[in-house]
Amino acid sequence: MRADARAGGIDLAPWGKFDRGQWAVYPLLFHLLDVAAVAGEVWDRYLTRGQRRLIAAGLSVSPAEARCLVMFFAGLHDLGKLSRFQEQEAHPWARVSEALREDTQGWRRMPHERASMHSVLHLLAEAGYPVDASDSAGVRVAQILGGHHGRFLQLDLDGAAKAARVKHVLGGPRWQDLRRRYFALVRHLTGATMVPAQVSVPAAVLITGVGVIADRLASQRHYWLPKAQAPAVRADAHYAQAVKDAPALLDQSGLARITLPGTPFTQAHRGLSTPNDLQASLIRQLATAVGERGPGIVVITDATGGGKSVAGLEAARIFNAGGDTAGVAWLLPTTATADAAYEVLERYVAAHRPEHAPVSLVYSHSWVNSAYTDRQVAAHEASTTDEFWCDADDGPQEGAEQRPEERVTVPDGWLRGWDRALLAQFTVATHDQALMAALPVRFSALRLLALSGRTVIVDEAHALTPFMQQLLGRLLHWLGVLGCPVVLLSATMPASLSTTLVRSYLAGAGHPHSRTAGLNCAPAYPGWLFAAAADASLTRMDPQAGEAHAQQHRRTAALSLHPVRHPSHTDPDGTPARETRLERISAEIAPVVQHGGCAAVACATMADAQATYQHLHDTLNWPGGPGGQLLLLHARLPGHQREALTRLVRDRLGPAGERPARLVVVTTSLLDMSLDIDVDVMVSDLASLERLLQRLGRLWRFENLWDAGADRRPAWLRRQGVPRLSVLQPTDHRGHTLIPAAWRTLEPALFTHATAARLTNLPQRTLALTLPDDVQHLVETVHGNATDLARTSPGLEQRYTAHQNRRRGEEHLSALHLIPTWRDTLSLADLHRQRLHARQAATRLGAMPRRLLPLYRTPAGRLALDPAGTRLLSLDREPTTAMIRTILQHTLPVPAAWVAERRSEHHAPAVWKKHALLADLVLLPHDAADPREGAAFGRHTLRLDPVLGLVAAHAE
Numbered sequence: 000m001r002a003d004a005r006a007g008g009i010d011l012a013p014w015g016k017f018d019r020g021q022w023a024v025y026p027l028l029f030h031l032l033d034v035a036a037v038a039g040e041v042w043d044r045y046l047t048r049g050q051r052r053l054i055a056a057g058l059s060v061s062p063a064e065a066r067c068l069v070m071f072f073a074g075l076h077d078l079g080k081l082s083r084f085q086e087q088e089a090h091p092w093a094r095v096s097e098a099l100r101e102d103t104q105g106w107r108r109m110p111h112e113r114a115s116m117h118s119v120l121h122l123l124a125e126a127g128y129p130v131d132a133s134d135s136a137g138v139r140v141a142q143i144l145g146g147h148h149g150r151f152l153q154l155d156l157d158g159a160a161k162a163a164r165v166k167h168v169l170g171g172p173r174w175q176d177l178r179r180r181y182f183a184l185v186r187h188l189t190g191a192t193m194v195p196a197q198v199s200v201p202a203a204v205l206i207t208g209v210g211v212i213a214d215r216l217a218s219q220r221h222y223w224l225p226k227a228q229a230p231a232v233r234a235d236a237h238y239a240q241a242v243k244d245a246p247a248l249l250d251q252s253g254l255a256r257i258t259l260p261g262t263p264f265t266q267a268h269r270g271l272s273t274p275n276d277l278q279a280s281l282i283r284q285l286a287t288a289v290g291e292r293g294p295g296i297v298v299i300t301d302a303t304g305g306g307k308s309v310a311g312l313e314a315a316r317i318f319n320a321g322g323d324t325a326g327v328a329w330l331l332p333t334t335a336t337a338d339a340a341y342e343v344l345e346r347y348v349a350a351h352r353p354e355h356a357p358v359s360l361v362y363s364h365s366w367v368n369s370a371y372t373d374r375q376v377a378a379h380e381a382s383t384t385d386e387f388w389c390d391a392d393d394g395p396q397e398g399a400e401q402r403p404e405e406r407v408t409v410p411d412g413w414l415r416g417w418d419r420a421l422l423a424q425f426t427v428a429t430h431d432q433a434l435m436a437a438l439p440v441r442f443s444a445l446r447l448l449a450l451s452g453r454t455v456i457v458d459e460a461h462a463l464t465p466f467m468q469q470l471l472g473r474l475l476h477w478l479g480v481l482g483c484p485v486v487l488l489s490a491t492m493p494a495s496l497s498t499t500l501v502r503s504y505l506a507g508a509g510h511p512h513s514r515t516a517g518l519n520c521a522p523a524y525p526g527w528l529f530a531a532a533a534d535a536s537l538t539r540m541d542p543q544a545g546e547a548h549a550q551q552h553r554r555t556a557a558l559s560l561h562p563v564r565h566p567s568h569t570d571p572d573g574t575p576a577r578e579t580r581l582e583r584i585s586a587e588i589a590p591v592v593q594h595g596g597c598a599a600v601a602c603a604t605m606a607d608a609q610a611t612y613q614h615l616h617d618t619l620n621w622p623g624g625p626g627g628q629l630l631l632l633h634a635r636l637p638g639h640q641r642e643a644l645t646r647l648v649r650d651r652l653g654p655a656g657e658r659p660a661r662l663v664v665v666t667t668s669l670l671d672m673s674l675d676i677d678v679d680v681m682v683s684d685l686a687s688l689e690r691l692l693q694r695l696g697r698l699w700r701f702e703n704l705w706d707a708g709a710d711r712r713p714a715w716l717r718r719q720g721v722p723r724l725s726v727l728q729p730t731d732h733r734g735h736t737l738i739p740a741a742w743r744t745l746e747p748a749l750f751t752h753a754t755a756a757r758l759t760n761l762p763q764r765t766l767a768l769t770l771p772d773d774v775q776h777l778v779e780t781v782h783g784n785a786t787d788l789a790r791t792s793p794g795l796e797q798r799y800t801a802h803q804n805r806r807r808g809e810e811h812l813s814a815l816h817l818i819p820t821w822r823d824t825l826s827l828a829d830l831h832r833q834r835l836h837a838r839q840a841a842t843r844l845g846a847m848p849r850r851l852l853p854l855y856r857t858p859a860g861r862l863a864l865d866p867a868g869t870r871l872l873s874l875d876r877e878p879t880t881a882m883i884r885t886i887l888q889h890t891l892p893v894p895a896a897w898v899a900e901r902r903s904e905h906h907a908p909a910v911w912k913k914h915a916l917l918a919d920l921v922l923l924p925h926d927a928a929d930p931r932e933g934a935a936f937g938r939h940t941l942r943l944d945p946v947l948g949l950v951a952a953h954a955e
């Protein structure tokens, strides 16, 4: 081996990378050694202490020995390229020695990751690794190598992986000998001479993730091309230099973990002078519990506006202070809530004044958020053969010196790759981005590695459907086995859901459901509960602190139900005229228009929101006109317009904003969750009680925060006394709840009908409630065990039965694609029994929306992004990075069914097909001279209105 490490000691001709532009060939052995060296740096500076300890325990070796083994395994990942792979490029193949080229002996083409798995299996056996069963150490290591392109492969010990067959398909004796010598040299240089007694499934998952990161970093063209152009002559000298280069490469990637400096509470959470009673209790009690029993899962429940986000960040700080984790992954249900949380987390991290701590934002179209610059959508580097990430959506590779922003929280280029962004130490993402770790998609191991190294905060956990709850339960199971602390936040979580999720986590941590069956894992409301992963013991919030917190935030409010006629329903002839939905909304909003104040109208659908906005605009007498005083905000606005409006609403109605004298926001469910705003008046279409309570949390939200001498409520509203949420109940002429057809897919019918029934039977159809005291009881009545409520009427009982059947159906569908529990994973291939692409993986039921790009055709026949034709598009040349971003910011989501019957004029131009973010766009061309003329997609006619957003008309 020492001879092989010296100049001329081993054949370096077989290639691992080839650049067609420079005709540069990079020896395969050098690439293997690069990846091994980088893996060591990833071990030292990206993995947390807890991850390193888990891997060492899973290998039954010391941490120092585990580091060597991880480097060794990572370095072997491409050994299968010593195969027919070498023939695929004529130029580097011509450099291979004649002796090797004559020793092919009928070899067959095979994906090199599978070739690595098969060939290394037998080399490991020669080195003393057991390979007799699917869970043997040697078999697991071979599957780790086979999984470095994102999917674990089945290893057939008695079939394709048999030694005789492998030798036959991967070349003759000279190729076998070269693979053996490369194997031995990588093992020698990494010092991995020990043989692990086992390779546990959790350890294998994390080791795979380390190898993927190391391979991606070392495969960047700017890293290996200079080395290819001035290669070392000795393998040991090359490896020594690779070890020296690895720290700078990791620094450039932004992956190196940092420890946030200790910071006073008031500095970390600007605007707060002291923690409230719930937060103070958490800081005091949780720190003690974690110090005694280690990490686990925390459930925090409180009314909206009670400070759950701050409590969640403090819980993460306490968990991370133990040293086993570092960082935060904050998961939210929608892109709007993720955008808001991103700003909170960015401020929180920046308040600690780190030198550099990237905060990433991860969801399917996070490029719309202006926090990300053009580099996120930049084109790729020049093409090189065998780029690691072969999908078209690989992220940019430019150096950090080109970054146009200098905020310490802005992610560097490497971290802005679409799946790599989850690796950032501080991340805000939508639920689905994390839930894909529980599905058999490519690089699910990388997602689990990314999540397991920090505290995971699952916000608005109640918002998940039964389908998604099943996914979350499996994800929590894996986070439990990986030792990852978790925080669940909710304002309206039923006790049964809280208990189910906590028990799923504890099952992963080694406490089967049979042992936790008697645990009540629901915290008091408001309050928190901590379940320790080590022994499943529970710590609850001090009851006195809970009462003090409730007293501090106690306030009264009312829900008033108003029967109305929805425009989708026509009463029979001869029945008395009834108040319509729009008339009731006008009656509620008219005092705001006349006397001032801030109001929100929460509509069930975007069509309802557009009709409401138009009605308020045209019928009310706005002082000085409605401009700037009436806003419409919903999801089907172009991205740049929606983001600007959302930010405007947050600024004007936030706790420190300059509150306007008059503002009415007409919206949908976009502002329901995780948005810190306060309105004086609120009107809502009928929704589930859970959703109404969420909306109620925005009504007089800052009442206890504002100084007594700085009352910002209008005087006319003060005389009303109690804040009141007016709920519009669509009914038929007999007064029975009649849900419009367009609403029926929004929420289960049981919840809306049960909510209406709960309010209808009250005096004056008004529910007077005390917050936060009454919240949990109301949630349990409708969303917990609704059996008693269902028995109050035959209609509700029928809907309850249908809902239970539908729920079981969703859970069954969700379970079909789940990865197995770690105890049920014998072969690593069990984690990828099904082949799902991340774009196709269902983390929620329903068709994925398409992205629509409204355009305007000028008189000259050109297409532009604006009606005036000032932002022309060049459809025959590749767009620049800045133009790509601009295009994306002008897109909006649309149901796939609406654009299913598109014609050729609706397809993206050919040059856009080269960019993954543009290739699937659907074009919506307008005539610039008459933009009100819509475009037909079968029976659906669509057009973009500058204020109303996407307007859709549907023929019968």
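For the sequence shown, numbering that gives the first Met the number 0 gives the first residue as 0, with consecutive numbering after it. Built from N, CA and C at the ideal position, the CB exists for glycine as well. Predicted, not measured: the structure shown is a model, and the values here were computed from it.
{"query": "C-beta atoms of F425 and G509 nearer than 8 Å", "result": "no"}
{"query": "W22, buried or exposed, once every other Cβ within 10 Å from all chains shown has been counted against 16", "result": "exposed"}
{"query": "Beta-bridge partners of D102, as assigned by DSSP", "result": "BP columns for D102 are empty, so no partner."}
{"query": "V946 classed as buried or exposed, judged by whether at least 16 other C-beta atoms fall within 10 angstroms", "result": "exposed"}
{"query": "Beta-carbon contacts of W92 that lie in its chain and below 6 Å, excluding the five residues immediately before and after", "result": "Q85 and E86"}
{"query": "DSSP three-state assignment for I676, whether helix, strand or coil", "result": "coil"}
{"query": "C-alpha distance - E877 paired with S359, whole-angstrom precision", "result": "28 Å"}
{"query": "Three-way DSSP call (helix, strand, coil) for M70 in this model", "result": "helix"}
{"query": "DSSP beta-bridge partners of V455", "result": "A328 and V485"}
{"query": "Beta-carbon proximity of A601 to S489, cut-off 8 Å", "result": "no"}
{"query": "Residues of its chain near L631, where Cβ-Cβ distance is below 6 Å and the 5 sequence neighbours each way are ignored", "result": "Y612 and V665"}
{"query": "Assigned exposure category for Q609 - 16 Cβ within 10 Å defines buried", "result": "buried"}
{"query": "Beta-bridge pairing of Y855 - partner residues as DSSP gives them", "result": "A863 and H925"}
{"query": "Which of helix, strand or coil DSSP assigns to S308", "result": "helix"}
{"query": "V781 and R764 closer than 8 Å at C-beta", "result": "no"}
{"query": "Integer Cβ distance of D865 from H548, believed to fall under 8 Å", "result": "That pair is no contact at about 51 Å."}
{"query": "Proximity to S218 [Cα-Cα], best of S503, L11, P493 and F17", "result": "F17"}
{"query": "Start-end ranges of the alpha helix (DSSP H) lying completely within the region 577 to 613, minimum 4 residues", "result": "580 to 594"}
{"query": "Span separating the alpha-carbon of R441 from that of R346", "result": "33 Å"}
{"query": "Spatially closest choice to L505 from L144, T820, S308 and F936, by CA coordinates", "result": "T820"}
{"query": "Environment of L75 [buried if 16+ CB atoms lie within 10 Å]", "result": "buried"}
{"query": "Status (buried if at least 16 other CB within 10 Å, exposed otherwise) for R374", "result": "Any answer about R374 is weak, because its pLDDT of 39 lies below 50 and its placement is not dependable; what the coordinates show is given next. R374 is buried by the Cβ-count criterion."}
{"query": "Residue nearest to A521 in terms of C-alpha spacing, selected from E291, H776 and G305", "result": "H776"}
{"query": "Reference N620, options A634, L636, V648 and A586, closest by Cα", "result": "A586"}
{"query": "P332 versus M847: straight-line alpha-carbon distance, rounded", "result": "15 Å"}
{"query": "Span separating the alpha-carbon of R1014 from that of T303", "result": "The structure shown does not extend to residue 1014, since the chain is modelled only from 0 to 955, so the question has no answer here."}
{"query": "Exposed unless 16 or more other CB atoms sit within 10 angstroms - verdict on K307", "result": "buried"}
{"query": "T869 versus T880, D875, T879 and T857, residue with shortest Cα-Cα distance", "result": "T857"}
{"query": "Alpha-carbon to alpha-carbon, Q693 and E459", "result": "10 Å"}
{"query": "At least three beta-carbon pairs within less than 8 Å, the region 232 to 249 to the region 272 to 291", "result": "no"}
{"query": "Cβ-heavy atom distance, V600 to the ligand FAD, below 7 Å", "result": "No copy of the ligand FAD occurs in the structure displayed, which carries no ligand at all."}
{"query": "Contact between the region 717 to 737 and the region 553 to 563 (3+ Cβ pairs under 8 Å)", "result": "yes"}
{"query": "D10 classed as buried or exposed, judged by whether at least 16 other C-beta atoms fall within 10 angstroms", "result": "buried"}
{"query": "Strand pairing of M681, partner residues [DSSP]", "result": "A599 and L724"}
{"query": "For R554, the residue or residues it bridges with in DSSP", "result": "L770"}
{"query": "Chain C contact for V119 (CB, 8 Å cutoff)", "result": "This model lacks chain C altogether; it includes just one protein chain."}
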